[in-house]
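**Q**
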Amino acid sequence: AMEAPVQRHRARYKSPGGPPWRETYRRRCMERLRSSRAKLLDRYRQAGDGACGAAPGALLVQEVMEQEWQELQDRLPGLRREQPMEQMLEDPDELAVLEEIQQELILQEQSVIEEYERSLRFDEECLNAMLDGLDATDRVICPVCRKSNLTVKAHSVCCQCGLYISTQDMTEGKLRSLLESTLTEHSQRCLHSPEFTVTSGMEEEASLLMSCPVSVNVRFLE
Numbered sequence: 001a002m003e004a005p006v007q008r009h010r011a012r013y014k015s016p017g018g019p020p021w022r023e024t025y026r027r028r029c030m031e032r033l034r035s036s037r038a039k040l041l042d043r044y045r046q047a048g049d050g051a052c053g054a055a056p057g058a059l060l061v062q063e064v065m066e067q068e069w070q071e072l073q074d075r076l077p078g079l080r081r082e083q084p085m086e087q088m089l090e091d092p093d094e095l096a097v098l099e100e101i102q103q104e105l106i107l108q109e110q111s112v113i114e115e116y117e118r119s120l121r122f123d124e125e126c127l128n129a130m131l132d133g134l135d136a137t138d139r140v141i142c143p144v145c146r147k148s149n150l151t152v153k154a155h156s157v158c159c160q161c162g163l164y165i166s167t168q169d170m171t172e173g174k175l176r177s178l179l180e181s182t183l184t185e186h187s188q189r190c191l192h193s194p195e196f197t198v199t200s201g202m203e204e205e206a207s208l209l210m211s212c213p214v215s216v217n218v219r220f221l222e
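So the sequence shown is numbered by full-length UniProt numbering: it starts at 1 and just counts up by one.
(1) From ILE106 to THR199, what distance separates their C-alpha atoms?
(2) For the alpha helix (DSSP H) that LYS174 lies in, which residues bound it at each end?
(3) Taking VAL64 and ARG32 to be in contact with their CB atoms under 8 angstroms, please state how far apart those CB atoms are, rounded to whole angstroms.
(4) Using a Cβ-Cβ cut-off of 6 angstroms (strictly less than) and excluding sequence neighbours within five positions of LEU150, which residues of its own chain qualify?
(5) When you compare the CB positions of SER211 and GLU195, do they come within less than 9 angstroms of one another, or not?
(6) DSSP on THR197, reduced to helix/strand/coil?
(7) In chain order, what residues of the same chain lie with their CB nearer than 8 angstroms to the CB of GLU109, ignoring the 5 residues before and after it?
(8) Which word fits ARG176, buried or exposed, when buried means at least 16 other C-beta atoms lie within 10 angstroms of its C-beta?
(9) If you draw a straight line from the C-alpha of VAL97 to the C-alpha of HIS192, how long is it?
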């Protein structure tokens, strides 16, 4: 029922007689939402499964619109400074503008979340492939490149990707067990897929570091 009025008002505000604040407000809301990506994803992670049942735009859109409306009032003296955003909703014309901008922001927010979910699924698929490799054979897939098998010798672990770590009395079975237990322990307390990198200082031997954006980093194969 709201689509026709919104379309009519949208056409009206593309004309010179539209509210002068519309495009400025829309642009600044979009910029604030884009720059708040980390905050949005943090709030999405905190919401967990409950976010699926939340109202569209419930995570950050309303907050962004209210913050930018306040700043716009401060910057443009022509606006009715005493009028809070919620009172504007009584004006049908301005309501149509706000609804249009709100829908754009909701779509942008959903796009960011969907991109994040795709990234998580890709990480999970890579991690599962590595775990499947651990389960299938004593051959160990490199946790850094996640493509090649590691070459494990008593005193070294190396990979075609460039990984090289000095070890003592290492076997494929020991390394497989170490990686498996480390990944299992992490998955029991964190939903995020960890990443593996080789790290070394100026005077220390290279070691394997398992890092996660929300959990404690674990260094092993030192």
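For each residue, glycine too, the CB sits at the ideal point set by N, CA and C.
Bear in mind that the values here come from a model prediction, so they are computed numbers and not experimental data.
**A** The relevant details are as follows:
(1) 41 angstroms
(2) Segment 172-189, the alpha helix (DSSP H) holding LYS174.
(3) 5 angstroms
(4) VAL140, CYS142, VAL157 and CYS159
(5) Yes; because the gap between Cβ atoms is below 9 angstroms, this pair is in contact.
(6) strand
(7) LEU33, LEU40, GLY57, LEU59, LEU60 and VAL61
(8) buried
(9) 39 angstroms
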